[in-house]
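Accompanying notes for the structure given below.
Residue numbers (the numbering used here): 191 to 313.
So this is what it looks like as C-alpha cells:
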C-alpha cells in the first residue's frame, strides 16, 4: 500500500511539473544533553547495529564487527568521532560511542541517527 502511495505521489508531482525533495539533514532536531552532563540522547533507527572496536583500542570503530543492536529509541551516546571508516550521510566519517542493548560497548554509524549529532562532544 505504501509503495502505491509513493508511486501515486510521485506521479502527481510529475504531472504538476514539480519535484519531491527529501527532508534535509538540517531539518533534524539536535541530540540533547542528559541531565548527568556526560551523555547525550539522540533519536535513532531502532534495531541498528552497534559495532565493536579495532583490537583493544576503543577509539577506533570496527565496521566489520557487530557486537549488538540498539532497539531503544531514543538512545544515549557518549561522544562522536570523525575521520573514521566511511558511513555516508551528512557526516560521512562520523561514528558515535554508545552501549548496545546487550551491554556491549561500541559504536553506531552516524547514518543510524535521526537527530543532528553536532552537539555531541568529541571523543
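No residue lacks a Cβ here, since even glycine has one placed at the ideal position from N, Cα and C.
Taking the beta strand (DSSP E) that residue i falls in, what are its first and last residues?
| i | result |
| --- | --- |
| residue 239 | 238 to 243 |
| residue 287 | 285 to 289 |
| residue 251 | 251 to 260 |
| residue 232 | 230 to 232 |
| residue 269 | 269 to 271 |
| residue 297 | 295 to 299 |
Looking at residue i: is its Cβ nearer than 8 Å to the Cβ of residue j?
| i | j | result |
| --- | --- | --- |
| residue 284 | residue 307 | yes |
| residue 291 | residue 262 | yes |
| residue 240 | residue 274 | no |
Take residue i and list the residues in its own chain whose beta-carbon comes closer than 6 Å to its own, dropping the five residues that flank it on each side.
| i | result |
| --- | --- |
| residue 302 | 234, 235, 238 |
| residue 281 | 300 |
| residue 278 | 301 |
| residue 244 | 250, 252 |
By Cβ distance, which residues of its chain are closer than 7 Å to residue i, with the 5 residues on each side in sequence left out?
| i | result |
| --- | --- |
| residue 242 | 252, 255, 257, 296 |
| residue 311 | 269 |
| residue 289 | 295 |
| residue 259 | 237, 238, 239, 240, 290, 291 |
| residue 264 | 231, 232, 233, 234 |
| residue 276 | 282, 283 |
Closer than 8 Å by C-beta to residue i: which residues in its own chain qualify, once you throw out the five before and the five after it? Chain order, please.
| i | result |
| --- | --- |
| residue 219 | 233, 305, 306 |
| residue 313 | 249, 268, 269, 270, 271, 287 |
| residue 228 | 268 |
| residue 309 | 220, 221, 222, 223, 230 |
Should residue i be flagged as near chain C, meaning a C-beta pair shorter than 8 Å?
| i | result |
| --- | --- |
| residue 230 | No chain C is part of this structure, which consists of one protein chain only. |
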